[in-house]
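Single-structure report; data block below.
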Amino acid sequence: MLARIVICLSVLFTATNGASAAYWKWGCRGQLGEQQMIFTDEKLLIVNDKTPFGDVRKLEIEDIIGAAEAAEKSGKAVAVYDNKTDDSGLVKEFEFSRGEDKKKLLLTEKSSRKIHVERHHPAGRDSYIGIFVKIFRMTRDGEPPRNITMQCRESYLSTCAGRCKTD
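Going by the numbering used here, 73 is the number at position 71 of the sequence shown; the sequence numbering is gapless.
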């Protein structure tokens, strides 16, 4: 019996020792006429704001998330939708819904162009930054479908996954 416990504990220790976690965030911003659309892995907001985006290569995920949070807190957001798509990154189709009125919004990617990619290995970790310009087909309840061009950023930073040196 003691041998079985030791074997189980060693298997458990080995399995968890090589486990990895990561920081993975992504988001997009785009103009929707006089409004701005911002979405992240959690929410989509439509905001009464025409703030210029600047250079897409300098787009930071924190700026996208910060803009979404600021718009929601300030009351500029005219519509807030929850992301109903599983968190699989920048996928080909996103479904969002509003809780209070059950309205749905669907974004289907029509095209994607990679603008910038960075890959690094800081301290044995994997780091990836991808900047894209994507065209989505937006379908919203009760409105005709239309296209929206969005600037998107995807950031990934893994743990060392056993490659870090511990001194």
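Note that beta-carbon positions come from the ideal geometry of N, C-alpha and C, so glycine has one too.
Straight-line measurement puts the Cα of Trp28 at about 18 Å from the Cα of Thr161. If you draw a straight line from the Cα of Pro124 to the Cα of Pro147, it is about 43 Å long.
Residue burial is scored here from C-beta neighbours: Lys136 has at least 16 other C-beta atoms within 10 angstroms and is therefore classed as buried.
The shortest CA-to-CA distance from Gln33 to any of His122, Thr42, Trp26, Val49 is the one to Val49.
In the displayed model, Lys116 falls within a strand according to three-state DSSP.
Looking from the CA of Phe134, the closest CA among Arg115, Glu120, Ala69 belongs to Arg115.
When DSSP states are grouped into helix, strand and coil, Glu111 belongs to the strand group.
Following the DSSP letters along the chain, one finds Glu102 in no beta strand (DSSP E), marked with neither H nor E.
Pairing Thr141 with Gly126, the inter-Cα distance amounts to about 43 Å.
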